[in-house]
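Working notes, structure below.
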Amino acid sequence: MNVTMVCFSQTGNTRKVSDAMAEAFRESGHMVRIIPLKKATPQDTAAGDLLGIGTPCFSSQAPTPVKEFLHTLPPLNKQPAFVFATSGGAPGRVLYDLASLLQDRGAEVVGGFLARGA
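By numbering that gives the first Met the number 0, the letter at position 48 of the sequence shown is numbered 47, and the numbering carries on one by one without gaps.
What follows is the structure, encoded as structure tokens:
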């Protein structure tokens, strides 16, 4: 399986979680590509068999750049996807925000993960 993960990280915490997830996928025999949000294109999201979107939590929600990126995605035609986030405080609706935006684009969200702490 080819896994594409788009990751937004300001302090490096979300990137660390992304790297750990990628390593687990690789150990299971999967190919993984991590793309920083600043370098990701909407077409990158349709390139794999599984799409992951990772972000920190800002004020209990997904950051604006991530939401704006997700609004630009092409139709995902039931592509399996997962969401993950990091949060030093109250996570609020961050996973819901990500999952809802992906579902609006036609993805089939199969799960989510929240990493709490610094």
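Even for Gly, the Cβ is constructed at its ideal location relative to N, Cα and C.
With C-beta atoms as the reference, is residue i less than 7 Å away from residue j?
i    : j   : result
S86  : C56 : yes
V109 : A98 : no
T71  : P41 : yes
V16  : R25 : no
A106 : L75 : yes
D48  : M0  : yes
R52  : V82 : One point to set straight first is that residue 52 is Ile, not Arg, in the sequence displayed. Yes, the Cβ-Cβ distance between I52 and V82 is below 7 Å.
T44  : L36 : no
Looking at the secondary structure, which residues open and close the beta strand (DSSP E) in which residue i lies?
i    : result
T71  : Per DSSP, T71 belongs to no beta strand (DSSP E) and is neither H nor E.
A114 : 107–115
L36  : Counting along the chain, L36 falls outside any beta strand (DSSP E), and DSSP gives it neither H nor E.
Assuming residue i contacts residue j (C-beta within less than 8 Å), just tell me the rounded distance between them.
i   : j    : result
A84 : L100 : The Cβ separation is near 13 Å, so there is no contact.
A39 : D96  : Actually they do not touch by this definition, with Cβ atoms about 17 Å apart.
In the structure shown, what three-state DSSP assignment does residue i receive?
i   : result
Q60 : strand
Between which two residues does the alpha helix (DSSP H) harbouring residue i extend?
i   : result
F24 : 12–26
S99 : 93–103
Output the distance between the C-alpha atoms of residue i and residue j, rounded to the nearest integer angstrom.
i    : j   : result
Q102 : R92 : 15 Å
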